[in-house]
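Residue numbering for the sequence shown is 675 to 1186, as defined by the numbering used here.
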Amino acid sequence: MKKKLLAVIFLLTCALLLGGTKAIKSETSVKTKLKDTLVIAQKSEIKTLDPQKSTDSVSNKIIQLMFDTLITMDKDLNLLPGLAESWESIDPLNTVFHLKKGVKFHNGDIMTAEDVKFSLDRARSLPQCAYNFTPIKEITVIDKNTIKITTDTPFGSLLNQLSITNSSIVNKKLVEASEDVFLTNPVGTGQFKFKSWDIGNKLTIERFDDYYGTISKLKEVVIKFITENNSRMIMLETGEADISLDMGVMDLKSIKNNNSLDYIEVEAPTSQFIGFDTKNELLKDKRVRQAIAYAVDNNAITQAIYGDSATPGTSVVPPAMTDFNPNAKKYDLNTAKAKELLAEAGYPNGFNIELWVSDDSARIDACVIIQEQLRGIGINTEIKVFQWATYIKMIENENEVKPIFYMSWNTANGDCDKTMYPLFHSSQIKGSMNVTAFINKDLDETLDKARITMDPKIRKELYGKAQEILQEELPHYTILYPKLNLGMRKNIHNLIMKNNGYLDLTNVYVTE
């Protein structure tokens, strides 16, 4: 009996040991292999990697992977500490920011308050982005890890403006030594650092191993510039690209039916519009601009190009933003009214004019529809297509008398001031952001008041009034509000697309 008991115990022990060995072996055998490189396909080439000189969202989306700001934003555009670990308002005109200590630039230099002051002063001095910081009077270095920002008036958008790309912190020593070198080898404090830019083809950035935050699991990120939607979709399907930005409606449908693919789509503070240069003799009368709005069926355009991935435009401010005014004047399709307004303005038989657009297939398709709709009231347009970087330069050239042009605006920080002040305040004609050269004293005063107002309720009322002015005067007509999207392979993990369309790669990894 005792021998049998010992035999049973021996067998049980062996079974447990064998079972345990099998479990351990199983755990090690399923260890996941990770890919070193993430490949992103996007529709346009970046214009610049200088954060203070960037004016377009295509460039900004990449710059924010390499440069950090004092304040950052989460997926829903709520403010969070960035390079500033904390801040406090001493009074309505003075705010003190305490910087994170020991933050390194990509070249190994330690970031100090001098770099922060230099970066923000540089932003304030450059015409491309000075409008963001007009109320700032002075930036003072308290010590190497503390700065104070003093404004001339209360500045309701201060914190939001410190989160935008133009507020990125650059290395003072390197920029002062040579801006030309900085342009070709930009140095920031971000999670990724610059590696190479093959103009017309791709940009490569690589992991920064001394990053103060989460070290990326990715060794490199390659951004390829692929204009055609179909080409980006094929790259995604074949695995040549891991992520493809700005997918078309049919592509999204294909993604939904592909077990290897997934997508992200967000309601964004973004709009697409046709702009009217008020310096142009044919467009300076608001009745002409209103006639065009009545002739353009933005409901039809939205459905034809984007389906459920966009909504028709009704205001310069998208409904994704807090201060959107749903009661501003609307222009429902009315061809008879359009012809009447054209006749009143002195163009009973219409006129001929160019219609400019960038080399984006969806926008070109929208312009083809607009072309046909305007032909119905006697306005004959010739569509001209330009490469993105060239197009931006032409649109922002204040000396260029532009025809009708198709454009977009992304309010990256979600604040109304970021939409309305640069696009419509008369002071920004010289700054090249008021690209319609629109001047309206009542609007200027309203935007100035909103800027210095700290009460959200009063700001909403002022921005509501501003939208009513703009919908009447119509320096540009909003066609639609697109959702921002991307397609991705299902082996991409932890990817976040913020509501402004920017990618958060903080915790992303790619499995083989």
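Glycine is no exception: its CB is placed at the ideal position from the N, C-alpha and C atoms.
Computed from a predicted structure; not experimentally measured.
Which of helix, strand or coil DSSP assigns to residue i
| i | result |
| --- | --- |
| K1067 | helix |
| P1096 | helix |
| Y1183 | strand |
| M1081 | strand |
| F882 | coil |
| P1061 | Looking at the sequence provided, one finds Gln at residue 1061 rather than Pro. If DSSP states are grouped into helix, strand and coil, Q1061 belongs with coil. |
| T827 | coil |
| Y1151 | strand |
| N973 | helix |
| G1138 | helix |
| F1112 | coil |
| M747 | strand |
| V861 | coil |
| L1074 | Note on identity: in this sequence residue 1074 is Glu, with Leu being the wrong assignment. Correct three-state label for E1074: coil. |
| T1127 | coil |
| F947 | strand |
| C803 | coil |
| V732 | helix |
| I764 | strand |
| A1002 | coil |
| E812 | strand |
| A1086 | coil |
| I908 | helix |
| M753 | With the sequence shown as reference, residue 753 is identified as Leu, and Met is not the correct amino acid for it. Looking at L753 - three-state DSSP - the assignment turns out to be strand. |
Per-residue burial, residue i [other beta carbons within 10 Å of its own, 16 or more giving buried]
| i | result |
| --- | --- |
| M1128 | exposed |
| S733 | buried |
| N672 | The question about residue 672 has no answer, for the chain in this structure spans 675 to 1186. |
| T912 | exposed |
| M924 | exposed |
| K707 | exposed |
| N845 | buried |
| I737 | buried |
| E701 | Caution is warranted here: a pLDDT of 34 is assigned to E701, below 50, making its placement in the model unreliable, and the coordinate value is therefore given only provisionally. When all chains shown are included, E701 counts as exposed. |
| E850 | exposed |
| E1056 | exposed |
| F684 | In this prediction, F684 scores a pLDDT of 42, lower than 50, which makes its location untrustworthy; the coordinate-derived value is nonetheless stated afterwards. By the 10 Å Cβ count, F684 comes out exposed. |
| E880 | buried |
| L1177 | buried |
| R1163 | buried |
| L719 | Reading off the sequence, residue 719 comes out as Glu, not Leu. Answer is buried; the Cβ neighbour count reaches 16. |
| V855 | exposed |
| P766 | exposed |
| I698 | With a pLDDT of 30 at I698, under the threshold of 50, the modelled position of that residue is not reliable, and the figure given next carries that caveat. The residue is exposed, with fewer than 16 neighbouring Cβ atoms inside 10 Å. |
| I889 | exposed |
| N752 | exposed |
| N1181 | exposed |
| D730 | buried |
According to DSSP, residues forming a beta bridge with residue i
| i | result |
| --- | --- |
| V940 | L1158 |
| D872 | K876 |
| I1170 | D1178 |
| P725 | P725 is not bridged to any residue. |
| T820 | H772, D817 |
| I1053 | F1025 |
| K867 | E880 |
| A715 | K898, S918 |
| P993 | None, per the DSSP bridge assignment. |
| V1198 | This structure cannot settle anything about residue 1198, because the visible part of the chain is limited to 675 through 1186. |
| A984 | P1156 |
CA nearest to the CA of residue i, picked from the options
| i | options | result |
| --- | --- | --- |
| N903 | I1170, N1159, Y1176 | N1159 |
| P1130 | D971, F829, D1034 | F829 |
| I821 | N1114, A1086, A758 | A758 |
| I938 | W1083, I1170, L910 | I1170 |
| A787 | T1064, K847, L753, Q726 | K847 |
| H1167 | L892, V861, I900, L1136 | L892 |
| G874 | D884, M785, I1038, T722 | T722 |
| I764 | A804, I823, L836 | I823 |
| S842 | D817, G887, S793 | S793 |
| W871 | D883, G862, T858 | T858 |
| S905 | D971, D1034, D789 | D1034 |
Proximity test, residue i beta-carbon vs the ligand ATP heavy atom, cut-off 7 Å
| i | result |
| --- | --- |
| A1040 | The ligand ATP is absent from the structure shown, which contains no ligand whatsoever. |
- Can we say the region 889–901 touches the region 711–719, given the rule of at least three CB pairs closer than 8 Å? yes
- Item | At least three beta-carbon pairs within less than 8 Å, the region 1140–1158 to the region 1112–1129 | yes
- Message: Whether or not the region 826–844 and the region 792–811 are in contact is what I'm after, with contact meaning three or more pairs of Cβ atoms, one per stretch, closer than 8 Å; do they touch?
- Response: yes
- Query: Do three or more CB pairs link the region 1060–1071 to the region 1018–1027 at distances below 8 Å?
  - Reply: no
- Message: Would the region 736–744 count as touching the region 1073–1080 if we require 3 or more Cβ pairs under 8 Å?
- Response: no
- Message: Would the region 764–784 count as touching the region 856–870 if we require 3 or more Cβ pairs under 8 Å?
- Response: Enough Cβ pairs lie closer than 8 Å, so yes.
- Does the count of Cβ pairs from the region 1077–1087 and the region 1013–1021 closer than 8 Å reach three? In short, these stretches do not touch, since the Cβ pair count stays below three.
- Is the region 1080–1099 in contact with the region 987–996, if contact means three or more CB pairs nearer than 8 Å? The region 1080–1099, when compared against the region 987–996, does touch it at the 8 Å Cβ threshold.
- Message: Measuring CB atoms only, is the region 971–984 touching the region 1032–1045, in the sense that at least three cross pairs come out at less than 8 Å?
- Response: yes
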